[in-house]
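Q: Each step along the sequence shown adds one to the number in full-length UniProt numbering, with nothing skipped, and position 368 is 368.
Each residue gets a CB set at the ideal place from its N, CA and C atoms; glycine is no exception.
First the structure, which I've put down as structure tokens, then a few questions once you've had a look.
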Amino acid sequence: MKTETAQCVVVGGGPAGMMAGLLLARQGVEVTVVEKHGDFLRDFRGDTVHPSTLQVIDELGLLEEFLQIPHTKVTDITVSTAAGPTTFADFSKIRSRYPYIAFMPQWDVLDFLARKAGELPGFRLLQKTEGTTVIREGDRVCGVRADTPEGPLEIRSDLVIAADGRHSTMRKAVGLRVAASAAPMDVLWFRLEREPGETMTFLHTGQGFVLITIDRGAYWQVAYVIPQGQYDAVRAEGLGRLRADVSSVHPPFAERVEREIRDWDDVKLLGVRVDRLRTWYRPGLLCVGDAAHAMSPAGGVGINLAVQDAVAAARMLGPVLRTGRTPTPQELRRVQRRRELPVRAVQLAQVHMLADLYPKDRGSVVERPFAARLVRRFPSLNRWTAQFIGVGLRPEHVS
């Protein structure tokens, strides 16, 4: 087995992993990011870049170049129900230099971060390299074993950052268990061609479904939200029901949905789970992002929280790693304590405060969700909901 060393190994090249790698390398830490895929091209990944993430990229001095990536800007989230439209979140009112959410392909974001990190000494990105288990010395994690096209690889390190998603291999390897879990909905993703100048309300409720439309320039990225665990039942109803539901929201979609949704292969299922670990760490290992707390896609906040985890971890642990010392469990615990409140607050909102927005069965209609009623009655609240979604309770800074 080939053996290498690094001060830090990051497992997973998603938003949390790439941001952690970039920030640690920027501090002079020798860091290796291992990513099991050969590129970042995956459809229907989260594509939201929130104001707090834009702030981090600005603090790195990279914002002007970053915004050259093709993207669309969203300044509000409007919810349309049987009771009428409600501007649920108005980002133009928030306390931020960037009062909008930028929608840009996640693979472009990751390519950008990888390119910038690659310009720094001490950074390595190993693609087609899948972390399979941890290396231990006593009770301490001291590295990762991985499979590569050239054979097995062992990377020894002072710290392993597990950023390998909601089905994290690393957290399973060290026996970290989920403390709380809920599955409020499932989502079917697909694309529809967008006509020039065509506009849509962000979210619509219907009978047994919710439809979310994201402007991707040449096409709409569409989320068809269904009751949790009902995918087989939805398939049994046939594509005719799905097409009819989509067309009922926006009649001009009727011809496009017939042409572009030819069979179920054109529809991708995302099983939604909201969970978090009781403990995010073991000696020598720290979980961040979805590996520590899986989020619902509501508001696109999962990416934002993952990036914020990475920023906090790099800021708090980078100086320790730079001295050649392994972070103590107490130092790892401080990262969890720093990030746990924002995670719990968002999950509380996703699972409970927005619970009546999700479809419960295929026959009922969501007419007056509580959150929309509240904002309709007190319109100034849409500033605070935007602040909560776009910036969060505890925004992180590079230094």
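Does DSSP put L269 in a helix, a strand or coil?
A: It is a strand residue.
Q: Whole beta strand (DSSP E) runs in the segment 142-173 with 3 or more residues, listed along the chain?
A: For the segment 142-173, whole beta strand (DSSP E) runs of length 3 or above, ordered along the chain, are 151-156 and 159-162.
Q: Would you kindly work out how many angstroms separate the C-alpha atoms of L341 and G289, rounded to a whole number?
A: Near 14 Å, if we compare the C-alpha coordinates of G289 and L341.
Q: Does the beta-carbon of T199 have 16 or more other beta-carbons within 10 angstroms, so that it is buried, or is it exposed?
A: Label assigned to T199: exposed.
Q: Do you know how far the Cα of G238 is from the Cα of L393?
A: One C-alpha to the other measures close to 43 Å.
Q: I'd like to confirm the pairing. Which residues does DSSP put opposite E137 in its beta bridges?
A: In DSSP, E137 forms a bridge with R140.
Q: Express the C-alpha separation of M170 and T205 in angstroms, rounding to a whole number.
A: Roughly 38 Å between the two C-alpha positions.
Q: Is the Cβ-Cβ distance between F40 and L110 less than 7 Å?
A: Yes, the Cβ-Cβ distance between F40 and L110 is below 7 Å.
Q: Which residue marks the beginning of the beta strand (DSSP E) containing residue 400, and which one marks its end?
A: Nothing about residue 400 can be reported from this structure: the residues present for the chain run from 1 to 399 only.
Q: How many angstroms separate the CA atom of I261 from the CA atom of V267?
A: When rounded, the distance between both Cα atoms is 7 Å.
Q: Pick out whichever of S296, L203 and S364 has its Cα sitting closest to the Cα of L348.
A: Considering only alpha carbons, the answer is S296.
Q: DSSP has G206 in a bridge; who is on the other side?
A: Answer is F209, bridged to G206.
Q: With a CB to CB cut of under 7 Å and the five nearest residues on each side skipped, what residues in its chain are close to A312?
A: So the qualifying residues of the chain are V335, R338, R339 and E396.
Q: The alpha helix (DSSP H) that contains Q55, what's its start and end?
A: It spans P51 to E59 - the alpha helix (DSSP H) in which Q55 sits, taken as one unbroken run.
Q: Hey, quick one: how far does the alpha helix (DSSP H) through E396 stretch, first residue to last?
A: Run containing E396: none; DSSP gives neither H nor E here.
Q: Would Q330 be called buried (16 or more neighbouring beta carbons within 10 Å of its own) or exposed?
A: Per the 10 Å Cβ criterion, exposed.
Q: Mind checking whether G12 and D147 have CB atoms under 7 Å apart?
A: The answer is no: Cβ separation not under 7 Å.
Q: CA-CA distance, G299 and T78?
A: Approximately 12 Å, taken between the alpha carbons.
Q: Examine chain D for any beta-carbon lying closer than 7 Å to the beta-carbon of F190, and answer yes or no.
A: In the structure shown, chain D cannot be found, because there is only a single protein chain.
Q: Our contact map puts K2 next to G240 with C-beta atoms below 8 Å; I'd like the distance itself, whole angstroms only.
A: Not quite, the Cβ-Cβ distance comes to about 55 Å (not below 8 Å), so this is no contact.
Q: Start and end of the beta strand (DSSP E) containing residue 405?
A: Residue 405 falls outside the range modelled here, since the chain spans only 1 to 399, and no answer is possible.
Q: With 16 as the cutoff for other CB atoms within 10 Å, does T323 come out buried or exposed?
A: T323 should be labelled exposed.
Q: Apart from the five residues on each side of it in sequence, which residues of its chain come closer than 7 Å, Cβ to Cβ, to L192?
A: Result list for L192: Y219, W220, V222, F253, R256, V257 and E260, in chain order.
Q: Which residue wins for smallest C-alpha separation from V34, given the options H50, E4, S52 and V49?
A: With distances taken between Cα atoms, V34 lies closest to E4.
Q: Starting from the C-beta of K128, find all residues in its chain whose C-beta is less than 6 Å away, skip the five residues before and the five after it, and write them out in chain order.
A: Closer than 6 Å at the Cβ level, and outside the excluded window around K128, lie G38 and P149.
Q: On a Cα-Cα basis, can you pick out the residue from G217, G284 and P85 that is closest to P327?
A: Ranking G217, G284 and P85 by Cα distance to P327 puts G284 first.
Q: Between which two residues does the alpha helix (DSSP H) containing G118 stretch?
A: Counting along the chain, the alpha helix (DSSP H) containing G118 begins and ends at Q106 to G118.
Q: Hey, how far is the Cα of D90 from the Cα of T75?
A: C-alpha separation (whole angstroms): 6 Å.
Q: What's the gap between the Cα of D309 and the Cα of Q387?
A: So the two alpha carbons sit approximately 18 Å from each other.
Q: Could you name the residues that DSSP lists as bridge partners for R124?
A: DSSP lists T32 as partners of R124.
Q: Quick check on F388: does DSSP put it in helix, strand or coil?
A: Helix, per DSSP.
Q: Using CA atoms only, rank isn't needed, just tell me which of R145, L60 and D108 is closest to A6.
A: Comparing Cα-Cα distances from A6 to each of R145, L60 and D108, the minimum goes to R145.
Q: Between the segment 174-186 and the segment 272-281, can you find at least three pairs of beta-carbon atoms closer than 8 Å?
A: Short answer: they touch.
Q: Rounded to a whole number of angstroms, what is the C-alpha to C-alpha distance between T72 and G14?
A: Approximately 21 Å between the Cα atoms of the pair.
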